[in-house]
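Heads up: the sequence shown begins at 144 in our numbering, then just goes up one per residue.
Data first, discussion second: the structure below is written as structure tokens.
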Amino acid sequence: MPTPAAPDSAARRTVLLLNGPNLNLLGERDPAQYGTTTLADIERRVRGLGAELGAAVRCEQSNHEGVLVDLVHEARGYDGIVLNPGAFAHYSIALRDAIDAVDTPCVEVHISNVYAREEFRHTSVTAPVAAGYVAGCGVFGYELALRAVLHRAAEAEARR
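Laid out in structure tokens, this is it:
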């Protein structure tokens, strides 16, 4: 899978928007649960908001755990990660360890309210190492997560 260029170096901040398994099917998979907005629509909205807020957003999606781990590693030096780990939230210790290993704030986002769904979705192994968590706000949650991770970056910069 080719890797897109890093975010525009003229932008003040850089953020990785990372989506996990099956999120490439947004807009067609279970629209009652996830809506009809596509991943491309979400990426466009988040990139646009990022530009308004002075951040370049790199968008990636993979159905493969190791690829997601590698992308988290590549985000070292970024100002933040917005991550929808999909089902990997419930059991991927490798993804959890990657988030914990990099010194990049990560805000986890889920489109649906995972706590109003099946019991197995109530556990996230990745959330405890994330800087924040957004769930149940639909695709608007991505915008909230971007704002949150940029706020964290600004706070960290102010402390330096």
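Glycine included, every Cβ here is placed at the ideal spot set by N, Cα and C.
These numbers were taken from a predicted model, which means no experiment stands behind them.
Separation of residue 285 and residue 252 (C-alpha to C-alpha, rounded to the nearest whole angstrom) is 6 Å. Taking 8 Å as the cut-off, the Cβ atoms of residue 192 and residue 181 do not count as close.
Listed in chain order, the non-local C-beta contacts of residue 239 below 6 Å within the same chain comprise 268, 269 and 272, local neighbours out to five positions each way being set aside. Under the 10 Å beta carbon count, residue 228 is surrounded by 16 or more other beta carbons and is classified as buried. Every unbroken stretch of the beta strand (DSSP E) spanning 3 or more residues and falling wholly within the stretch 215-278 is given here in chain order: 223-227, 249-253 and 275-278.
DSSP places residue 172 outside both helix and strand once states are collapsed to three, so it counts as coil. Boundaries of the alpha helix (DSSP H) harbouring residue 192: 182-195, taken from the DSSP string. The closest CA to that of residue 210, considering only 287, 231 and 283, is found on 231. Residue 166: not part of any alpha helix (DSSP H); DSSP gives it neither H nor E.
For residue 199, the closest C-alpha among the options 156, 290, 293 and 257 is that of 156.
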